[in-house]
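J.: Numbering (numbering that gives the first Met the number 0), first residue to last: 0 to 301.
We put the CB at the ideal spot given by N, CA and C, even for glycine.
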Amino acid sequence: MQSIDADVAIIGAGPAGLQSAIHAARRKVKTVVIGRPDQGALVKAQIENYFGIPRIKGQKIVSIGLEQAKKAGAKIYEEDVLKAEKVGDKFVLHTDHETEFTAKAVILALGISRMRLNAEGEKEFLGRGVSYCAACDANFFKGKKVAVVGNDSMAAISTVLLTNVASDVYWVTKEPTVAPPLLEKVIATKAQVVKAAWPKKIEGDQRVRKIMLDDGRVLDVDAVFIELGAKGSADLALELGIIPDPNGLISVNAKMEAEVPGIYAAGDVTGRPWQLARAVGQGCIAGTNAANFVLYGAGEPE
Ligand SMILES: Cc1cc2nc3c(=O)[nH]c(=O)nc-3n(C[C@H](O)[C@H](O)[C@H](O)COP(=O)(O)OP(=O)(O)OC[C@H]3O[C@@H](n4cnc5c(N)ncnc54)[C@H](O)[C@@H]3O)c2cc1C
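1) Taking all protein chains shown into account, decide if Leu161 is buried (16 or more other Cβ within 10 angstroms of its Cβ) or exposed.
2) Give the list of continuous beta strand (DSSP E) stretches no shorter than 3 residues that lie fully inside the stretch 156–215.
3) Do you know how far the Cα of Val159 is from the Cα of Thr188?
4) So, are the CB atoms of Ala155 and Leu116 less than 8 Å apart?
5) Step through the CB atoms of chain B and report whether any lies within less than 8 Å of the CB of Gly203.
6) To the nearest whole angstrom, what separates the beta carbons of Ala289 and Ser19, a pair I think is in contact under 8 Å?
7) Cβ-heavy atom distance between Lys341 and ligand 1 below 7 Å?
8) Closer than 8 Å is the cut-off here; do at least three beta carbon pairs connect the stretch 193–202 with the stretch 36–46?
9) Quick test of the definition: if touching needs 3 or more C-beta pairs under 8 Å, does the stretch 64–83 touch the stretch 22–36?
10) Does Met153 pass the burial test, meaning 16 or more other C-beta atoms within 10 Å, or should it be called exposed?
11) Taking Ala229 and Ala15 to be in contact with their CB atoms under 8 Å, please state how far apart those CB atoms are, rounded to whole angstroms.
12) Just the C-alpha distance for Ala285 and Gln274, rounded to the nearest angstrom, thanks.
13) Between the Cα of Glu258 and those of Leu248, Val268 and Ile241, spot the shortest distance and give me the residue it belongs to.
14) Can you tell me whether Lys103 is buried or exposed, with buried defined as 16 or more other CB within 10 angstroms of its CB?
15) Exposed or buried, what is Phe50 when buried is set at 16 or more other beta-carbons lying within 10 Å of its beta-carbon?
16) Going by C-alpha distance, which of Ala83, Ile225 and Arg206 is nearest Asp219?
17) Once DSSP output is grouped into helix, strand and coil, what is the label at Gly110?
18) Is it true that the CB of Val251 sits closer than 8 Å to the CB of Val28?
19) Cβ-heavy atom distance between Gln67 and ligand 1 below 7 Å?
20) Under three-state DSSP, which class holds Val293?
21) Drop a sphere of 10 angstroms on the beta-carbon of Met0, count the other beta-carbons inside from all chains shown, and report buried for 16 or more, exposed for fewer.
22) Within a Cβ cutoff of 8 Å, which residues of the same chain sit near Gly203, ignoring the five residues on either side of it in sequence?
23) CA-CA distance, Val148 and Gly231?
24) DSSP puts Ala8 in a beta bridge; with which residues?
25) Give me the DSSP bridge partner(s) of Asp219.
26) Per DSSP, which one or two residues make a beta bridge with Gly231?
27) Name the two residues that bound the continuous alpha helix (DSSP H) containing Ala134.
28) Using the C-alpha atoms, what's the distance from Ile106 back to Ala313?
29) Candidates Val32, Val86, Lys200 and Ala165: which alpha carbon is nearest Ala118's?
30) Do Pro36 and ligand 1 come close, with the Cβ less than 7 Å from some heavy atom?
Structure representation (C-alpha cells):
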C-alpha cells in the first residue's frame with residue numbers, strides 16, 4: 000500500500016476538479032487530483048457554448064486542462080476513490096490502487112451520472128440523436144423533429160426550449176409532474192404532449208429515425224432528449240459526514256464549502272445547470288478556498 004500526504008485532495012478529474020487543481024496548486028499548497036480524466040461527462044461532448052471558444056471537442060478541453068493542472072504543480076492519480084473517512088482533523092481517501100491519501104482539505108468534483116431510460120437503442124444511438132442535455136445539444140437539431148422523454152420540470156423546460164429550435168417537438172410522459180404554470184407554458188407552445196406512454200425502443204440507421212412507444216404508437220424523430228434527472232456520488236459524501244439531497248447532490252455555500260469544514264464541492268455534483276461554464280467557475284472558487292483553508296484554517300480570507 001502506498002501512502003500520500005497532501006494539503007488539498009480533489010476527487011474527480013473533470014473540468015470542476017481540474018480547475019480546482021489549477022487554482023489550489025498556484026497558491027503553492029500540495030495538491031493531488033484523484034480521478035480518471037477520460038471518465039467525465041465532458042469527454043463525450045461537443046462544446047459550442049463556452050465563453051471565448053466557438054466550437055471544441057470536450058476531450059480536447061480536458062486534455063489541455065490536465066496539462067495546465069500539472070504545470071501549476073498538481074499531481075494527477077488516475078485512480079478511483081472507493082472509501083473516504085475523517086480521521087481527527089484530516090481526511091483519508093482509499094483508492095482502487097490501494098493508495099491511501101491523507102489531506103487537510105478535500106474537494107468533491109465527482110460529476111453526476113444521468114439517469115438512463117434503459118430502452119433498446121438508447122446506448123447505441125448516444126451522440127447520434129440520443130442526448131441527455133437539451134440545453135447543450137438543442138442547436139444541433141434546428142428544423143428537425145425531436146422528442147423529449149421525462150415527467151418532471153426539466154423535461155418540461157427542455158420541451159419549451161426545443162420548440163424554439165426544432166420543427167416538431169413531442170413531450171413523451173407517463174404523467175407530467177410539474178407545477179400548473181409550467182404545464183401551461185408547454186401547452187402554449189407548438190409541442191405535442193404524448194401522455195400515458197413511454198419509449199420502448201429507439202430505432203435508426205446512422206442516426207435516430209424513430210421511437211416506438213409502449214402503447215404501440217411510433218414517432219418519427221431525429222433526436223430523443225432523455226431528461227430523467229441524475230444521481231451524484233452520495234456514498235463518498237455520506238462517509239465524510241455530508242448528507243446529500245434525495246438526488247445525491249451536495250449543498251454548498253458561496254465559498255463552495257459543504258457542511259463539514261475542510262470539504263468543498265464543485266461542478267455538476269452541486270446541482271444544475273449541468274454545464275461546463277458552471278463547473279469551471281465553481282472549480283475556481285473551490286480551489287481557491289480549499290487552499291485558503293489549508294493556509295489560514297478557519298480564519299480563511301474572503
Ligand atoms: C453528452 C454530453 C454533452 C454535453 N454538452 C455540453 C455542452 O454542450 N455545453 C456544456 O456547457 N456542457 C455540456 N455537457 C455537460 C458538461 O460536460 C458537464 O457540466 C461538466 O463536464 C461537469 O464537470 P464536472 O467536473 O462537474 O463533472 P465531470 O466532467 O463528469 O467529471 C467528474 C469526474 O469525477 C470522477 N469521479 C467520479 N467519482 C469518482 C470517484 N469515486 N473517484 C475518483 N474519481 C471520481 C469522474 O471519473 C470524472 O473524472 C455535456 C455533457 C454530456 C454528457
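T.: According to the structure data:
1) Position 162 of the sequence shown, counted from the start, is the residue given in the question as residue 161. Leu161 is buried by the Cβ-count criterion.
2) 167–172, 191–194, 198–203 and 207–212
3) By one-based count along the sequence shown, residue 188 stands at place 189. By one-based count along the sequence shown, residue 159 stands at place 160. Going from the Cα of Thr188 to the Cα of Val159 covers about 7 Å.
4) Numbered from its first residue, the sequence shown carries residue 155 at position 156. Numbered from its first residue, the sequence shown carries residue 116 at position 117. Against a cut-off of 8 Å, the Cβ pair of Leu116 and Ala155 comes out as no contact.
5) This model lacks chain B altogether, as it is built from one protein chain only.
6) For the purposes of this step, residue 289 is taken as the residue at position 290 of the sequence shown. For the purposes of this step, residue 19 is taken as the residue at position 20 of the sequence shown. Correct: roughly 7 Å between the Cβ atoms.
7) Nothing about residue 341 can be reported from this structure: the residues present for the chain run from 0 to 301 only.
8) no
9) yes
10) Counting from 1 along the sequence shown, the entry for residue 153 is found at position 154. When all chains shown are included, Met153 counts as buried.
11) Along the sequence shown, one-based indexing puts residue 229 at 230. Along the sequence shown, one-based indexing puts residue 15 at 16. With 8 Å as the limit, Ala229 and Ala15 do not qualify as a contact, their Cβ atoms being about 15 Å apart.
12) Taking the sequence shown and counting its residues from 1, one reaches residue 285 at position 286. Taking the sequence shown and counting its residues from 1, one reaches residue 274 at position 275. Looking at the two C-alpha atoms, the distance is approximately 16 Å.
13) Locating residue 258 in the sequence shown gives position 259, where the first residue counts as 1. Of Leu248, Val268 and Ile241, the residue nearest in Cα terms is Ile241.
14) Residue numbering aside, residue 103 sits at position 104 when the sequence shown is read from its first letter. Flag for Lys103 reads buried.
15) Within the sequence shown, the letter at position 51 stands for residue 50. Phe50 is exposed by the Cβ-count criterion.
16) Translated into positions along the sequence shown, residue 219 becomes position 220. Nearest of Ala83, Ile225 and Arg206 to Asp219, Cα basis: Arg206.
17) Numbered from 1 along the sequence shown, position 111 holds the residue referred to as residue 110. In the structure shown, Gly110 sits in coil (DSSP, three-state: anything other than H, G, I, E or B).
18) Locating residue 28 in the sequence shown gives position 29, counting from the first residue. Locating residue 251 in the sequence shown gives position 252, counting from the first residue. Taking 8 Å as the Cβ cut-off, Val28 and Val251 do not qualify as a contacting pair.
19) For the purposes of this step, residue 67 is identified with residue 68 of the sequence shown, where counting begins at 1. Flag unset: Cβ of Gln67 not near ligand 1.
20) Working through the sequence shown from its first residue, we reach residue 293 at position 294. Here Val293 sits in helix by DSSP.
21) For the purposes of this step, residue 0 is identified with residue 1 of the sequence shown, where counting begins at 1. When all chains shown are included, Met0 counts as exposed.
22) Here residue 203 is taken as the residue at index 204 of the sequence shown, counted from 1. The residues are Gly120, Phe124, Arg127, Gly128 and Lys209.
23) To locate residue 148, count along the sequence shown from 1; it is residue 149. To locate residue 231, count along the sequence shown from 1; it is residue 232. C-alpha separation (whole angstroms): 21 Å.
24) Your numbering for residue 8 matches position 9 in the sequence shown. DSSP lists Val31 and Val105 as partners of Ala8.
25) If you number the sequence shown from 1, residue 219 lands on position 220. BP columns for Asp219 point to Lys209.
26) One-based indexing of the sequence shown puts residue 231 at position 232. Partner(s): Ile111.
27) Here the question's residue 134 lines up with position 135 in the sequence shown. Taken as a continuous stretch (DSSP letters only), the alpha helix (DSSP H) holding Ala134 covers Ala133 to Asp136.
28) Look at the range of the chain in this structure, 0 to 301, and you will see that residue 313 is not part of it.
29) Against the sequence shown, residue 118 aligns to sequence position 119. Closest option to Ala118, Cα to Cα, is Lys200.
30) The residue given as residue 36 occupies position 37 in the sequence shown. Yes, ligand 1 has a heavy atom inside 7 Å of this Cβ.
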